[in-house]
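Reading through the structure tokens given below for one structure.
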Amino acid sequence: MIRSILTFPNPLLYKKSREVKELNDAVVRLVEDMLETMYQAPGIGLAAPQIGENLRLIVFDLSDSQAPQRRPHYLINPVITAFEGEEVGEEGCLSVPGVREKVKRYARVEVKGIDLDGRERVWEAEGLLARMFQHEIDHLEGVLFIDRLGPIKRRRLKSMLLKKERGK
């Protein structure tokens with residue numbers, strides 16, 4: 001089922017998510033809903049808080065949208081366990097539509113989490129995959145990519161977004 005994506009300044013986007021304690025049918029359905037929602041948006045990643053679910057769960061697919069085969073992935077309770085280097089790159093977010101900004105992130109990360117069978121999964125990532133992991137895990141911590149901007153740019157952008165929101 002396609003879910004609504006919460007957008008800035010929804011306060012639920014700023015809540016720290018809780019760990020998934022039980023792997024059950026509800027979690028399986030949530031993964032399926034998140035993937036459907038991400039593909040429909042369209043996006044390359046989605047965190048559970050973006051659809052109002054306060055759980056540490058992300059879905060992602062970096063395959064070309066024109067590719068004949070999708071490569072959906074998910075990770076439950078993801079944690080960055082190692083990182084290296086820094087790089088600046090452009091990001092956007094389904095919860096901050098129409099905004100793209102340059103953000104400094106780690107160049108390489110190792111991320112651990114579990115799958116629906118409770119098995120540990122480890123991802124070593126660089127480039128766009130590393131950036132996506134950091135962006136989505138930030139959502140689980142209640143942080144939006146615009147919160148990673150410098151103070152002047154962040155204040156100006158949030159002010160503009162709030163004015164736009166009031167004008168709806």
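Using full-length UniProt numbering, the first residue of the sequence shown is number 1, and each one after it goes up by one.
Ideal Cβ positions, reconstructed from N, Cα and C, are used throughout, including at glycine.
Being a predicted model, the structure only gives us computed values, none of them experimental.
Roughly how many whole angstroms lie between the Cα atoms of residue i and residue j?
i      : j      : result
Arg105 : Ala26  : 33 Å
Arg148 : Val103 : 7 Å
Gly52  : Gly85  : 33 Å
Val99  : Met160 : 11 Å
Arg155 : Asp117 : 43 Å
Lys163 : Ser95  : 16 Å
Val31  : Ile2   : 11 Å
Pro72  : Pro97  : 22 Å
Ser4   : Pro42  : 13 Å
Glu136 : Leu13  : 12 Å
Lys158 : Gly167 : 14 Å
Ala64  : Arg70  : The displayed chain sequence assigns Asp, not Ala, to residue 64. Whole-angstrom Cα-Cα distance: 8 Å.
Where do the N-terminal and C-terminal ends of the alpha helix (DSSP H) with residue i fall, by residue?
i      : result
Arg155 : 151 to 166
Glu36  : 25 to 40
Arg131 : 127 to 140
Contact check, residue i vs residue j under 8 Å by CB: the rounded distance?
i           : j      : result
Glu101      : Ile146 : 7 Å
Ile44       : Leu62  : 5 Å
Ala48       : Met38  : Between Met38 and Ala48 the Cβ distance is about 11 Å, and since that is not below 8 Å, they are no contact.
Gln40       : Leu6   : Not really, about 15 Å apart at Cβ, beyond 8 Å.
residue 178 : Lys16  : This structure cannot settle anything about residue 178, because the visible part of the chain is limited to 1 through 168.
Compare the Cα-Cα distances from residue i to each of the options and report the closest residue.
i      : options                       : result
Tyr74  : Lys16, Glu165, Val122, Ser4   : Val122
Arg131 : Leu12, Val31, Val111, Met1    : Val111
Ala125 : Val31, Val79, Arg154          : Val79
Pro11  : Gly92, Gly167, Ala41, Val143  : Val143
Leu128 : Lys164, Val88, Arg166, Asp138 : Val88
Ile114 : Lys16, Gly92, Ser95, Val28    : Val28
Arg108 : Ala82, Gly92, Pro97           : Ala82
Glu91  : Pro72, Gln69, Asp138, Arg71   : Asp138
Cys93  : Phe133, Arg119, Asp64         : Phe133
With residue i as the anchor, note down where its beta strand (DSSP E) starts and where it stops.
i     : result
Val87 : With the sequence shown as reference, residue 87 is identified as Glu, and Val is not the correct amino acid for it. 73 to 93 is the extent of the beta strand (DSSP E) around Glu87.
Gly98 : 96 to 114
Leu57 : 57 to 60
Using 8 Å as the cut-off, can you tell me whether the segment 10 to 22 makes contact with the segment 46 to 57, which would need three or more C-beta pairs spanning the two stretches below that distance? Touching, yes, given that three or more Cβ pairs across the two stretches are closer than 8 Å.
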